[in-house]
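One structure is given below, encoded as structure tokens.
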Amino acid sequence: MQSAPKTTSARSGRHFLQIPGPTNVPDRVLRAMDRPTIDHRGPEFAKLTLEVFEGLRPVFGTRGPVLIFPSSGTGAWEAAIVNTLKAGDRVLMFETGQFATLWKRLAERLGLAVDFVPGDWRRGVDPAVVEARLADDRQGAIRAVMVVHNETSTGVTTRIPSIRQAIDRARHPALLMVDTISSLGSIDYRHADWGVDVSVACSQKGLMLPPGLGLNAVSDKALAAARQGGMPRSYWDWEDMLKNNTSGFFPYTPATNLLYGLREALAMLREQGLPAVFARHARHAEATRCAVRAWGLEILCAEPAEYSPVLTAVMMPAGHDAETFRAAALSRFDMSLGVGLGRLAGKVFRIGHLGDFNDLTLVGTLGGVEMGLAIAGVPHRPGGVQAAMTFLSGDAPL
Ligand SMILES: Cc1ncc(COP(=O)(O)O)c(C=O)c1O
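Structure follows, in structure tokens:
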């Protein structure tokens with residue numbers, strides 16, 4: 004008799020990719036990318052890009068320019084900085100978690116002087132602190148306020164309109180830059196209405212694409228700052244990019260097949276309607292929290308008004324290692340859950356519930372978590388999946 008193969012590649016059924024990005028790529032998007040690469044200087048390509056830019060603007064909530072770089076999100080962070088700020092400029096940033104910390108490190112490497120407001124990685128940016136820091140800056144030395152909208156390492160969402168209001172109350176001219184990397188296309192976001200100057204995003208989260216595209220949406224004020232200065236730059240230069248984009252082209256070879264995918268993903272978001280997409284994420288997040296509470300485990304986010312609609316970070320009971328649990332869920336159920344990042348390593352696991360996702364994917368995910376907790380010997384109460392199902396099958400709107 005043959006023994007059962009042990010490799011994951013021989014498994015049947017689909018891998019559950021429940022990390023908070025990269026997210027599951029819908030079949031429609033995969034099929035859209037499965038095409039020959041075309042001449043990126045030909046008319047068919049220009050039509051594709053112009054369509055993509057048109058489709059992206061409503062997702063950011065802007066009528067202004069959106070730039071697409073062949074890059075990860077980190078590249079889009081860098082583009083935001085090098086176009087608008089120069090070495091030695093002071094900026095205000097907030098320690099909301101690992102990604103805020105990494106953006107700060109990048110800013111410092113580029114020579115910015117960062118005022119980094121410490122945080123406990125369990126809540127978002129406090130608008131009162133923003134207002135107080137800016138009110139103290141009577142010389143207007145702070146050139147930018149830089150905030151992560153949805154902290155993917157913690158599952159905490161900062162309320163950006165309240166940050167805008169704080170800046171306005173302080174009557175401060177700083178640029179507002181927002182990392183929307185794990186919020187765009189999943190959580191309500193309004194670049195123009197919220198007075199954001201640079202929104203930073205990428206492809207592999209709410210846009211349901213593979214990694215490989217970094218995005219910036221920019222305000223007139225940010226464009227003016229770029230025209231007047233910024234840092235030495237070439238690859239990330241907005242001006243060069245925008246000049247080429249006007250006619251549907253890029254200053255260098257773009258990620259053609261990802262753009263096919265982006266066109267399809269934008270069509271899917273349009274068909275569902277953004278309000279329905281946001282409501283779906285909020286609903287799946289609440290169902291997930293119902294499960295976590297029923298298990299008797301603690302949600303990392305300490306402020307209910309800041310619960311993330313796209314992921315839930317769950318704290319491990321003392322003395323239990325999140326990595327042992329995650330490894331059990333992977334080897335037994337072929338499900339990837341998010342790792343604890345930075346100072347949360349081993350202390351939390353993260354359930355991604357964003358992108359191409361529905362009620363039954365969530366129930367399967369939570370089933371894997373509940374069984375994984377049992378297998379890994381993590382103390383918990385049963386009934387989390389049932390609590391989520393009760394919520395999902397109740398009268399909550401779809
Ligand atoms: C909020 C946030 N910002 C920035 C990044 C960095 O993006 P990338 O890994 O694509 O460079 C991530 C990645 O997960 C993120 O979640």
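Residue numbers (the numbering used here): 4 to 401.
Glycine included, C-beta positions come from ideal geometry on N, C-alpha and C.
query, result
"ALA204 beta carbon less than 8 Å from that of LEU1", "Outside the displayed range of the chain (4 to 401) lies residue 1, so it cannot be described from this structure."
"For GLY100 and VAL133, the rounded distance between their alpha carbons", "17 Å"
"Proximity to VAL455 [Cα-Cα], best of VAL201, GLY232 and SER156", "Absent from the structure is residue 455, since the part of the chain shown begins at 4 and ends at 401."
"Test item: CB-CB of ALA35 and GLU309 under 8 Å", "no"
"Range covered by the alpha helix (DSSP H) that runs through LEU59", "46-63"
"THR291: CB within 7 Å of a non-hydrogen atom of ligand 1", "no"
"Neighbour-count burial assignment, ALA321, 16 or more Cβ in a 10 Å radius", "exposed"
"Rounded straight-line distance, which links the Cα of ALA83 to that of MET180", "8 Å"
"Among GLY122, ARG193 and VAL85, the one whose alpha carbon lies nearest that of PRO278", "ARG193"
"Cβ neighbours of GLU47 in the same chain (closer than 6 Å, five flanking residues each side left out)", "ILE41"
"Collapsed DSSP secondary structure at VAL366 in the structure displayed", "helix"
"For LEU275, three-class secondary structure by DSSP", "Looking at the sequence provided, one finds Gln at residue 275 rather than Leu. The answer is helix: DSSP assigns GLN275 an H, G or I state."
"Same chain only: Cβ atoms within 6 Å of ALA7, ignoring 5 sequence neighbours per side", "Legend: pLDDT at ALA7 = 49, less than 50; position of this residue unreliable, value from coordinates given subsequently. Cβ within range, chain order: n/a, list empty."
"Inter-residue CB distance, VAL366 and MET392 (contact presumed, cutoff 8 Å)", "6 Å"
"ALA316 beta carbon less than 8 Å from that of ARG353", "yes"
"Rounded separation between ALA431 and GLY188 - CA only", "Residue 431 lies beyond the residue range present for the chain, which begins at 4 and ends at 401; the question has no answer from this structure."
"Distance between ARG283 and LEU265 (C-alpha atoms, nearest Å)", "21 Å"
"Any non-hydrogen atom of ligand 1 within 7 Å of THR160 CB", "no"
"DSSP three-state assignment for LEU303, whether helix, strand or coil", "coil"
"Residue of ASP337, GLU373, SER15 and SER156 minimising C-alpha distance to GLU98", "SER156"
"C-alpha distance - PHE336 paired with PRO130, whole-angstrom precision", "42 Å"
"GLN168, enclosing alpha helix (DSSP H) - first and last residue", "163-172"
"Neighbour-count burial assignment, HIS18, 16 or more Cβ in a 10 Å radius", "exposed"
"PRO307 Cβ short of 7 Å to ligand 1 heavy atom set", "no"
"ALA184 Cβ short of 7 Å to ligand 1 heavy atom set", "The question names Ala, yet the displayed sequence has Ile at residue 184. Answer for ILE184: yes, Cβ within range of ligand 1."
"Secondary structure of GLN207, DSSP reduced to three states", "coil"
"Beta-carbon proximity check, GLY58 vs LEU269, cutoff 8 Å", "yes"
"Residues near ASP92 by beta carbon distance below 6 Å, same chain, minus five either side", "LEU115 and ARG146"
"Assigned secondary structure, GLU154 (DSSP; H/G/I helix, E/B strand, else coil)", "strand"
"Rounded C-alpha distance that separates SER237 from LEU178", "22 Å"
"Opening and closing residue of the alpha helix (DSSP H) in which ASN247 lies", "241-248"
"C-alpha gap between PRO307 and GLU301, whole angstroms", "12 Å"
"Reduced DSSP secondary structure (H/G/I, E/B, other) of GLN389", "helix"
"Limits of the unbroken beta strand (DSSP E) element including MET96", "93-97"
"Cβ neighbour criterion (16 or more within 10 Å) applied to GLN207", "buried"
"THR364: CB within 7 Å of a non-hydrogen atom of ligand 1", "no"
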